[in-house]
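Remarks on the structure that follows.
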Amino acid sequence: MSGLEEGQAVGLDEVLGEERERVIVAMSGGVDSSLVAALLVEQDFEVVGVTMHLAGDSSRCCSLEDADDARRVAEGLGIRFYVANYTETFKREVIDVFADEYLAGRTPIPCVACNKRFKFDYLMERATIFGAAGVATGHYARVAQNSQSGLFELRRPRDLQKDQTYFLFQLDQAQLSTTFFPLGELTKEQVRGRARALGLKTADKPESQEICFVPGGDYAEVVESIRPEARERGGAIVDASGAVLGQHGGVHRFTVGQRHGLGISSDRRLYVTRIDAEARQVVVGPASELASDGAEITQVNWIAGAPPPRPVRARVQIRHRHPGAEATLFPLPGQTVRVEFDEPVDAVSPGQAAVFYELSSSADERGELVLGGGWIQG
Amino acid sequence: MRIYLDHNATTPLRAEVLGAMTESLAEHYGNPSSGHAEGALALSRVEAARQEVADCIGVPPGWVYFTGGASEANNAVLMGLLAKSDGRGRLVTSCVEHPSVTEPAARLEKAGMEVVRLPVDRDGLLDPEAVFAAADGNTSLVSLIWANNETGVVQPMEEIVEGLKARGKRVHVDATQAIGKYPVDMGTLAVDYLSCSAHKLNGPKGTGCLVAREGAPLSPLIAGGPQERRMRGGTENVAGIVGFGRACSLAAKELTERMASYAALRDRLWLGLQERVGRIRRNGSSSRVLVNTLNVEFVGVPGEVLLQALDIEGVAVSAGAACHSGSISPSHVLTAMGLSPEEARSSLRISVGHGVQEAQIDDAIEIFARLVNRVRRAGVEQ
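Residue numbers (the working numbering), protein chains in the order written: chain X, -7 to 370; chain Y, 35 to 416.
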């Protein structure tokens, strides 16, 4: 998977040919997607801006103000602009699933499903209907076609601080072939600089870091508002031997690796090491009990379309902003992978994604290659 | 070239209206309340326009109160109830009203009034007997939309009003969509109040009127100066009123020919869509409907996506009710007719009007056929 020469990344113009082609830009109202739209207009594409209305009006992202910001940028660029309403689908496919995952004792990461289904599946549908050749987004990631294998490759971006590949491991070849990440070669500072130079109104807009439908960061409250029965599911906090150390107000309030908010006094530093939703038990223990030698990863997607024929070495990232741990991947039947870490890893949380990066490519100028990823099982 | 098929949302200004307004903006700058020649000139233009509007509706000019549009007129009538009845009594209305009636009705309900919202049948029609039954002795007002903005369905208002007047009830009719596309004559239709808006009949936005029969109680919506016989304070929108008057006189003169030409365009479109696009259904009565309006369900096709794709191809239509963000929720009018939310979301309103050419209708049919097929092939989820 290394046949692509430098500078060979597939640009939009190569894919779309000489004439002015139509492309959809997913515009969130932030600086990143605003610049994407501006860059594509500069490159003489017929850009159609689309803001996805996902979480209800109360959420911070996808709010009316953000849609208005996107609309103003689109007006300034002289491009068509539409709002796509997916609030009901988003509630069903993302928000409800998020709550159910917490109730099942896992720590969900809703941004993966949101990206896969909404930013790619649904937007690509709309692109097809609009007669557009593809979808461009403001993600920090790189996609390029390997000239030897013909396969599309997903790689980490130039700006590793902004790397969003962890959320994109579910993309398939068909999606990658119609997807463009024009910011993959830029740093955030360069993006802001270009946006300012172009006079984009969103150039200095602050970042959004939280999960968009959990504006205050209070996950438990959001889970309880969606699934009020969560409040009735209190239980015991126990240690590894099963001794009861205290009581809790519902397993959805805990995540593996958590140290604060346990509400028990102990002379040792205690962490949540395991959550047993069925028994309504939160298991705690010292840091030494937090480490795992490995994990089973299910629903694995391989970017290349198929699992490797034999075990492979990889860097495995187990949460957003985790630096990654070197490991060996053992592909098993049924889209499952057994990960064996070289050194024990702390707080491997069921419900989070494990994303595999090619070890040999860490020093690659084109960015570390994403092999695939899946979900950590408990 | 754009194909504008959203004349129920708003209409382009007629050249004659634009001419009259341009002249008025330049020449009639006086304040109609002023006691000098400039004021007198402006006042005479406002009163001439009042005569034109009155003639169009078949009332004496003294019954016409200019407002900022039909929404304001609807608010004036409904919120006026609060001032008069002190929040007691009953308001009878329907499930297919415009928001400028449903929202004041909800406020009246909060203030303690009883509000009855009558259902419509699958065709979008009210049952006159049900209206009479609902309008009991305690009823302060019956407020109904004559021709529906989304479906174009025309209520049997002659029969309803006759029955209500025989029972001594006060009646308000929202005639915003009817005027200019359907004979509106308050000489024969004995309602107490009637609302309309200039921009639905090729006049300017921001101007409309409330027509109130002599003796029908009115309370000022905007307290202020002596304008509009103290019912609406504020210096008159002279040019807007002049444009409204011209639009009304054109509508009165051309009604018969407009009705024939709009109907021909609308029927050509419906025939063509039936021939070229599979699995479509017409929403609402096809006999008791405005000549210009077609509401069509494209089975399995989300209206929002189709509307946007049509726009890219140059065709302007309407889907449901647009929220502030521009995204779309299912129409309460269609769900009141018994359509499921999904069916309502798959429905588009197509409305023809002045300036639409036969050839544009033919082009639109082909664009519809191409895009509906494209959406269906893509298998879009709602």
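Each residue gets a CB set at the ideal place from its N, CA and C atoms; glycine is no exception.
Item	Value
Between the alpha carbons of D231 (chain X) and E281 (chain X), how many angstroms are there, rounded?	10 Å
Any chance the CB of L59 (chain Y) is under 6 Å from a heavy atom of the ligand FMN?	Inclusion of the ligand FMN in the displayed structure is not the case, the ligand content being empty and no account of it being possible.
On a CA-only basis, which of X:F159, X:F348, X:S257 and X:V42 is nearest E117 (chain X)? Give me that one, please.	X:V42
Would P299 (chain X) be called buried (16 or more neighbouring beta carbons within 10 Å of its own) or exposed?	buried
If we cut at 7 Å on Cβ distances, does V406 (chain Y) have a partner in chain X?	no
With DSSP as the reference, label N293 (chain X) as helix, strand or coil.	strand
In the DSSP assignment, the beta strand (DSSP E) including C230 (chain Y) goes from what residue to what residue?	Y227 to S231
Consult DSSP for N236 (chain Y) and reduce its assignment to one of helix, strand or coil.	coil
Exposed or buried, what is P325 (chain X) when buried is set at 16 or more other beta-carbons lying within 10 Å of its beta-carbon?	exposed
Name the DSSP bridge partner or partners of A181 (chain Y)?	Y:V188
If you draw a straight line from the C-alpha of W367 (chain X) to the C-alpha of A306 (chain X), how long is it?	16 Å
Report the neighbours of V349 (chain Y) on chain X: residues whose CB is nearer than 7 Å to its CB, in chain order.	The premise fails here: V349 (chain Y) is roughly 14 Å from chain X at the closest Cβ pair, so nothing lies under 7 Å.
How about I121 (chain X): is its C-beta nearer than 7 Å to some C-beta of chain Y?	yes
Assuming E338 (chain Y) and E377 (chain Y) are in contact, meaning their beta carbons sit under 8 Å apart, how far apart are those beta carbons, in whole angstroms?	With 8 Å as the limit, E338 (chain Y) and E377 (chain Y) do not qualify as a contact, their Cβ atoms being about 14 Å apart.
Taking Cβ positions only, does Y263 (chain X) come closer than 7 Å to chain Y?	no
Checking contacts by CB at 7 Å: is I346 (chain Y) closer than that to chain X?	yes
Could you give the distance in angstroms between the alpha-carbon of L237 (chain X) and the alpha-carbon of A228 (chain X)?	7 Å
Any beta carbon from chain X within less than 7 Å of Q342 (chain Y)'s own beta carbon?	yes
Using a Cβ-Cβ cutoff of less than 8 Å, which residues in the same chain neighbour G413 (chain Y) once the five nearest sequence positions on both sides are dropped?	none
Measuring only the C-alpha atoms, how far is L405 (chain Y) from G102 (chain Y)?	38 Å
Compare the Cα-Cα distances from I218 (chain X) to each of X:L95, X:A76 and X:A18 and report the closest residue.	X:L95
Quick one: list the residues of chain Y neighbouring V40 (chain X), beta-carbon separation under 8 Å, in chain order.	I346
Note down the Cα distance separating E291 (chain Y) from N108 (chain Y), rounded to an integer number of angstroms.	29 Å
Starting from the C-beta of N107 (chain X), find all residues in its chain whose C-beta is less than 7 Å away, skip the five residues before and the five after it, and write them out in chain order.	F159 and L160
Applying the criterion that 16 or more other CB atoms from any shown protein chain within 10 Å of the CB defines a buried residue, is V89 (chain X) buried or exposed?	exposed
Distance check for R147 (chain X) and P174 (chain X), CA to CA, integer angstroms please.	13 Å
Indicate whether the contact test is met: 3 or more Cβ pairs, each with one atom in the segment 332 to 342 of chain X and one in the segment 121 to 140 of chain X, closer than 8 Å.	no
Helix, strand or coil, according to DSSP, for F110 (chain X) in the structure here?	helix
Within a Cβ cutoff of 7 Å, which residues of the same chain sit near K111 (chain X), ignoring the five residues on either side of it in sequence?	A18 and T129
Strictly under 7 Å for the Cβ-Cβ distance: is V428 (chain Y) near chain X by that measure?	Because chain Y in this structure spans residues 35 to 416, residue 428 (chain Y) falls outside the shown range and cannot be described.
Using a C-beta cutoff of 7 Å, does V409 (chain Y) count as contacting chain X?	yes
Compare the beta carbon distance of I377 (chain X) and F246 (chain X) with 7 Å and say whether it is the shorter of the two.	Shown here, chain X extends from -7 to 370; a query on residue 377 (chain X) therefore has no answer.
Within 7 Å (strictly less), CB to CB, does V130 (chain Y) reach chain X?	no
In this structure, what does DSSP give as the bridge partners for G41 (chain X)?	X:V17 and X:F73
For a quick check, are the C-beta atoms of I91 (chain Y) and E131 (chain Y) less than 7 Å apart?	no
With distances taken from CA atoms, which of Y:I401, Y:S177, Y:A49 and Y:L142 is nearest G306 (chain Y)?	Y:I401
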